[in-house]
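Trainee: Please find one structure pasted underneath; my questions will follow.
Chains as they are written, first to last, in our numbering: chain D, 28 to 441; chain U, 103 to 404.
Structure (structure tokens):
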């Protein structure tokens with residue numbers, strides 16, 4: 028394999044693994060914010076337990092996810108300085124905003140939220156988790172703007188071989204950014220909802236003794252997952268509109284079938300199409316996505332029929348539990364289609380991926396590939412391991428700091 | 103924007119320097135599980151909020167200085183080592199107390215000490231390269247190591263002051279002892295690093311002046327701590343880390359300024375930052391205000 032192949036593989040693996048952490052973060056935060064809001068408004072103890080149980084999973088995933096993100100961020104500089112040289116003035120701006128604005132605030136607030144259980148007044152603590160969820164969504168938006176520019180360089184103008192920012196509005200409203208953002212957000216909510224629903228289903232099937240906590244959680248999970256699934260499908264097809272114009276090659280190879288390929292070859296710059304195997308992850312994403320949407324809608328209907336009591340719909344509990352990993356597989360498929368589908372370009376129609384590579388020898392790339400991918404893979408394994416252990420232990424041992432039970436009246440006072 | 107990058111980088115190393123120090127000294131300051139969790143708990147609420155200064159600096163580097171991050175990072179094995187150590191340190195912080203097993207916790211503690219040592223040494227080496235980029239002089243190989251050790255000593259001392267401030271009992275006492283013992287070595291380390299700059303730097307003056315001001319910082323901090331003025335001690339020990347860094351960045355300011363992004367990008371970033379920087383500052387101020395007093399045993403997570 029050449030240095031180019033190795034560098035591309037390294038990026039694909041580290042970015043892909045990082046995105047798995049992101050999907051859970053993005054999808055779970057709004058649900059936790061909702062649960063905590065219900066707790067603060069009603070004072071119901073189960074909502075507090077739910078917030079702390081799902082919250083502890085969120086925190087571990089977030090912390091380890093940052094580490095994977097650090098690896099990814101350094102890759103841009105390490106292996107792809109050609110991209111920075113040509114497109115850095117435009118591409119770098121939304122990424123800078125993502126880390127400076129959204130991520131900075133998100134992390135500061137989350138750090139406070141973890142320890143705020145023992146230090147902050149209830150309302151301040153609630154505001155924090157809402158801010159965390161909002162800034163997470165902001166983060167996703169800026170990243171999609173950056174990636175959208177790569178797919179279709181709107182808002183930048185080429186001068187002497189480098190891009191200058193010419194139109195901020197065009198950069199931010201690039202359909203390749205916006206439409207994809209909604210699709211990604213819906214996918215994340217589907218993942219978050221299904222994780223909550225599936226894990227709850229697992230506990231309910233085993234009657235682990237927290238039926239109120241997991242019944243309410245299951246309801247919330249399904250009520251979020253079903254419309255999110257429909258939203259993902261809808262926003263997925265909506266992207267065909269801009270693909271038809273901007274990247275007919277991707278559309279033809281991934282979704283169009285062999286008949287549409289020759290026409291696409293005439294329409295793409297340089298006559299070069301992306302690899303035809305992207306039809307496989309595209310098919311997996313669509314077919315499994317439809318099945319998942321079907322499952323979620325059926326679950327929602329069943330919940331309505333069962334009047335919100337999952338004990339009357341036990342036949343659904345096992346499929347829900349099994350469905351938990353599926354959204355994560357599908358988001359990976361989607362990203363493979365999106366990123367492979369723009370090849371051989373890194374800035375579509377302007378800069379080839381092969382020209383964006385840093386002039387490092389294959390030896391260094393092999394070293395960083397081994398180290399970085401190894402690290403991120405270990406992080407993934409650790410993350411799943413710890414989350415599974417926390418899920419199995421259940422809400423009784425939620426590990427977030429706690430002010431503890433109300434102290435008993437001391438004997439002397441009596 | 104050069105100023106902002108300098109502020110973010112200096113801020114990061116000063117703030118996360120507390121965590122470096124606490125992690126580096128973890129097994130010495132904390133002799134059992136409870137004590138070690140106390141040490142980690144001093145950093146606790148600030149861990150994310152301080153670490154994120156680095157992400158902000160990296161983001162600004164990527165967006166505001168688009169040609170620079172390639173030049174700085176491309177092909178450098180030191181960066182690979184730093185990133186690896188950062189990942190290990192983070193994983194250790196988050197996962198250490200997630201395992202009920204004492205053996206696993208001790209293993210993570212050892213990983214924490216290792217990573218928290220490699221990090222300041224690596225940063226020091228990188229900063230040494232920044233201060234003295236001339237490759238022709240014969241001290242080139244040893245100098246980054248000298249700088250690395252100097253930074254490790256300074257952050258260890260600074261971290262110990264932080265732990266002393268935010269804990270009580272045997273942990274705090276050991277932390278004060280650590281500051282007292284480390285201070286003279288930190289002075290020696292910094293003096294050696296400054297000496298290296300005198301020998302071969304391109305722009306010695308700003309570095310020397312500012313770094314020299316940091317020489318007495320850790321001994322003074324130790325004295326203040328002994329007198330019970332822990333907060334003043336922390337500010338002083340912070341300057342032992344921050345001042346040399348300010349000097350180094352000032353010496354390369356011209357190079358940094360010449361690599362800034364084009365006018366439209368700078369305008370966009372600048373425009374957003376004008377609105378958002380006060381928010382960022384306010385969020386950090388809220389963080390420090392809300393958690394200014396140490397958390398008790400109920401406030402345990404790490």
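Virtual Cβ for every residue (Gly too), placed ideally from N, Cα, C.
1) Quick one: does residue 116 (chain D) have its CB under 7 Å from some CB of chain U?
2) Between the segment 153–161 of chain D and the segment 55–62 of chain D, do at least 3 Cβ pairs fall closer than 8 Å?
3) Could you check the C-alpha separation between residue 84 (chain D) and residue 385 (chain D) for me, to the nearest Å?
4) Run through the DSSP bridge pairs and tell me what residue 351 (chain D) is partnered with.
5) I'd like the span of the beta strand (DSSP E) that includes residue 190 (chain D), first residue to last.
6) Taking DSSP's pairing of strands, which residues face residue 261 (chain U) in a bridge?
7) Below 7 Å CB to CB, which residues in the same chain sit around residue 229 (chain D) once its five sequence neighbours on both sides are set aside?
8) What residues of chain D sit near residue 264 (chain U), judged by a beta carbon separation below 9 Å?
9) Determine the DSSP secondary structure at residue 335 (chain D), reduced to helix, strand or coil.
10) For residue 138 (chain D), which of U:395, U:400, U:385 and U:399 has the nearest alpha-carbon?
11) Taking all protein chains shown into account, decide if residue 308 (chain D) is buried (16 or more other Cβ within 10 angstroms of its Cβ) or exposed.
12) Are the C-beta of residue 141 (chain D) and some C-beta of chain U separated by less than 7 Å?
13) Return the bridge partner residues of residue 372 (chain D) from the DSSP annotation.
14) Helix, strand or coil, according to DSSP, for residue 141 (chain U) in the structure here?
15) Could you give the distance in angstroms between the alpha-carbon of residue 152 (chain U) and the alpha-carbon of residue 135 (chain D)?
16) Does residue 403 (chain U) come within less than 7 Å of chain D when only Cβ atoms are used?
17) Can you have a look at residue 264 (chain D) and say buried or exposed, based on whether 16 or more other CB atoms are within 10 angstroms of its CB?
18) Does any CB atom of chain D fall closer than 7 Å to the CB of residue 367 (chain U)?
19) Starting from the C-beta of residue 210 (chain D), find all residues in its chain whose C-beta is less than 7 Å away, skip the five residues before and the five after it, and write them out in chain order.
20) Can you look up residue 145 (chain D) in the DSSP assignment and give me helix, strand or coil?
21) For the alpha helix (DSSP H) containing residue 249 (chain D), list its first residue and its last residue.
22) Could you tell me whether the segment 289–304 of chain U touches the segment 316–324 of chain U, where touching means 3 or more Cβ pairs closer than 8 Å?
23) Mind pulling the chain U residues with CB within less than 8 Å of residue 136 (chain D)?
24) Considering just the uninterrupted stretch of the beta strand (DSSP E) at residue 217 (chain D), what are its terminal residues?
25) For my contact list, residue 252 (chain U) and residue 187 (chain U) are in at a C-beta cut-off of 8 Å; report their separation, rounded to the angstrom.
26) Let me know the secondary structure DSSP gives residue 435 (chain D) once reduced to three states.
27) Just to confirm the assignment: which complete alpha helix (DSSP H) runs, minimum length 4, are found wholly within the segment 316–394 of chain U?
28) Bridge partners for residue 127 (chain D) per DSSP, in chain order?
29) Using a beta-carbon distance below 7 Å, is residue 56 (chain D) in contact with chain U?
30) Kindly indicate the opening and closing residues of the alpha helix (DSSP H) around residue 90 (chain D).
31) If you follow the alpha helix (DSSP H) that residue 49 (chain D) is part of, which residue opens it and which one closes it?
32) Out of D:143, D:141, D:90 and D:150, point me to the one whose CA is closest to residue 68 (chain D)'s CA.
33) Under 8 Å Cβ to Cβ from residue 212 (chain U), same chain only, skipping five residues before and after it: list those, please.
34) Could you compute how far the alpha carbon of residue 287 (chain D) sits from the alpha carbon of residue 280 (chain D)?
35) Please state the DSSP three-state secondary structure of residue 177 (chain D).
Mentor: Concretely, from the data shown:
1) It does; some Cβ of chain U falls within 7 Å.
2) Yes: the two stretches touch, three or more of their Cβ pairs being nearer than 8 Å.
3) Answer to the nearest angstrom: the Cα atoms are 38 Å apart.
4) According to the DSSP secondary-structure assignment, residue 351 (chain D) is paired through a beta bridge with no residue.
5) Start and end: 189–192.
6) Under DSSP, residue 261 (chain U) shares a beta bridge with no residue.
7) Contacts found: 348.
8) Going along chain D, no residue has its Cβ under 9 Å from residue 264 (chain U), so there is no contact; the nearest lies around 16 Å.
9) Assignment of residue 335 (chain D) by DSSP, reduced to helix, strand and coil, places it in the coil class.
10) The option with the nearest alpha carbon to residue 138 (chain D) is U:385.
11) Buried, since its Cβ has 16 or more Cβ neighbours within 10 Å.
12) Yes, because at least one Cβ of chain U sits closer than 7 Å to the Cβ of residue 141 (chain D).
13) DSSP, once it has assigned bridges, lists D:379 as partnering residue 372 (chain D).
14) In the structure shown, residue 141 (chain U) sits in a helix (DSSP, three-state: H, G or I).
15) Each residue's alpha carbon lies about 8 Å from the other.
16) Residue contact with chain D for residue 403 (chain U): present (Cβ-Cβ distance below 7 Å to some residue of chain D).
17) Under a 10 Å Cβ-count criterion, residue 264 (chain D) is classified as exposed, with fewer than 16 other Cβ atoms of the shown protein chains found around its own Cβ.
18) Chain D, which has a Cβ nearer than 7 Å to the Cβ of residue 367 (chain U), makes this yes.
19) If we look at residue 210 (chain D) and ignore the five residues flanking it on each side, its Cβ neighbours are 259, 262, 263 and 266.
20) If DSSP states are grouped into helix, strand and coil, residue 145 (chain D) belongs with coil.
21) From DSSP, the alpha helix (DSSP H) with residue 249 (chain D) extends over 238–273.
22) Contact between the segment 289–304 of chain U and the segment 316–324 of chain U is present, because at least three Cβ pairs lie under 8 Å.
23) The contacting residues are 385.
24) Here residue 217 (chain D) belongs to no beta strand (DSSP E); instead the alpha helix (DSSP H) covers 202–232.
25) Not confirmed; about 18 Å, so no contact.
26) With a pLDDT of 39 at residue 435 (chain D), under the threshold of 50, the modelled position of that residue is not reliable, and no figure is offered here.
27) As for any alpha helix (DSSP H) of minimum length 4 sitting wholly inside the segment 316–394 of chain U, the runs are 319–328, 332–353, 355–359 and 365–392, ordered along the chain.
28) In the DSSP output, where bridge partners are listed per residue, residue 127 (chain D) has none listed.
29) False, the Cβ-Cβ gap to chain U never drops below 7 Å.
30) Note, residue 90 (chain D): alpha helix (DSSP H), 72–106.
31) Per DSSP, the continuous alpha helix (DSSP H) segment holding residue 49 (chain D) begins and ends at 30–69.
32) Relative to residue 68 (chain D), the option among D:143, D:141, D:90 and D:150 whose CA is nearest is D:150.
33) Around residue 212 (chain U): 129.
34) Near 8 Å, if we compare the C-alpha coordinates of residue 280 (chain D) and residue 287 (chain D).
35) DSSP places residue 177 (chain D) in helix when its eight states are reduced to three.
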